[in-house]
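Student:
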Amino acid sequence: MRLQGSCHCGAVRFSVESPHPYPYQRCYCSICRKTAGGGGYAINLSGHAATLEVEGAEHKGIYRVVIDGETSPGERHFCRHCASALWVFDPRWPELVHPFASAIDTELPIPPERVHLLLDSKASWVEVEARDTDKCFAGYPEESIADWHRRLDLER
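Per the numbering used here, the sequence shown starts with residue 709, numbered consecutively.
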């Protein structure tokens, strides 16, 4: 599925091919919460990095998180004008790019279940709205985004 995305002010537009377009995984870590906002969590999708096309790349910034005193190689791309979170790229997995669902303009499919992860770093004011079919994890689940889509026969 071809995903089209943009920042709020329109300075950065992008597209990427995604076989895993369901926005099912809510991350409650402090990094996602503080850099991407939302309801106390952020939702990443998965796409093929080789298919990423960007217009307005000169308006983009990159933030690298410092974790336990070490700078992560992961790159959080954002618009330098309106601060919209756009996507995450990590050179340790160069074939993947993870756009934030909040930046996607394409109509996304509704997931049949959700995964709530990194709940051990959730802010105290955040209420987890888990349905009966949802799965909740204090840390990371073992199932990848691709594996989740495969298990539910949702790859596109």
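In this text, a Cβ means the ideal position worked out from N, Cα and C, and glycines have one as well. Nothing here was measured: the structure is a model prediction, and the numbers come from that model.
Should P819 be labelled buried (16 or more other beta-carbon atoms within 10 Å of its own) or exposed?
Tutor: Here residue 819 corresponds to residue number 111 of the sequence shown, with the count starting at 1. Residue burial is scored here from C-beta neighbours: P819 has at least 16 other C-beta atoms within 10 angstroms and is therefore classed as buried.
Student: Expressed to the nearest angstrom, what Euclidean distance is found between the alpha-carbon atoms of I853 and E725?
Tutor: For the purposes of this step, residue 853 is taken as residue 145 along the sequence shown, with counting starting at 1. For the purposes of this step, residue 725 is taken as residue 17 along the sequence shown, with counting starting at 1. A straight line joining the alpha-carbon of I853 with that of E725 spans about 15 Å.
Student: Return the CA-CA distance between D861 and P807, expressed in angstroms with no decimal places.
Tutor: What you label residue 861 is simply residue 153 of the sequence shown in a count that begins at 1. What you label residue 807 is simply residue 99 of the sequence shown in a count that begins at 1. Their backbone Cα atoms lie some 21 Å apart in a straight line.
Student: What runs of the alpha helix (DSSP H), each 4 residues or longer, lie entirely inside the region 751 to 811?
Tutor: none
Student: Is the distance from the Cβ of V796 to the Cβ of R788 below 8 Å?
Tutor: Position 88 of the sequence shown, counting from 1, holds the residue named residue 796. Position 80 of the sequence shown, counting from 1, holds the residue named residue 788. Not in contact: V796 and R788 (Cβ atoms no closer than 8 Å).
Student: If we count the other Cβ atoms within 10 Å of its Cβ and call it buried at 16 or more, is A809 buried or exposed?
Tutor: Counting from 1 along the sequence shown, the entry for residue 809 is found at position 101. Classification of A809: buried, given that the 10 Å Cβ count is 16 or more.
Student: Over what stretch of residues does the alpha helix (DSSP H) that includes C824 continue unbroken?
Tutor: As a position in the sequence shown, residue 824 is number 116, starting the count at 1. As written in the sequence, residue 824 is His, which differs from the Cys given in the question. Looking at the DSSP string, H824 is not in any alpha helix (DSSP H); the run it does join, the beta strand (DSSP E), is V823 to L825.
Student: Whose C-alpha, out of T759, H857 and Y736, is nearest the C-alpha of A750?
Tutor: Locating residue 750 in the sequence shown gives position 42, where the first residue counts as 1. Ranking T759, H857 and Y736 by Cα distance to A750 puts Y736 first.
Student: Would you mind giving the Cβ-Cβ distance between C790 and C715, rounded to the nearest angstrom? I have them listed as a contact below 8 Å.
Tutor: Locating residue 790 in the sequence shown gives position 82, where the first residue counts as 1. Locating residue 715 in the sequence shown gives position 7, where the first residue counts as 1. Contact between C790 and C715 holds: their C-beta atoms lie close to 5 Å from each other, under 8 Å.
Student: Report yes if the C-beta distance between F722 and L794 is below 8 Å; otherwise report no.
Tutor: Counting from one through the sequence shown, the residue named residue 722 turns up at place 14. Counting from one through the sequence shown, the residue named residue 794 turns up at place 86. Yes, the pair counts as a contact, with Cβ atoms nearer than the cut-off.
Student: From V823 to K830, what does the alpha carbon distance come to, in whole angstroms?
Tutor: For the purposes of this step, residue 823 is taken as the residue at position 115 of the sequence shown. For the purposes of this step, residue 830 is taken as the residue at position 122 of the sequence shown. For V823 and K830, the distance between alpha carbons rounds to 14 Å.
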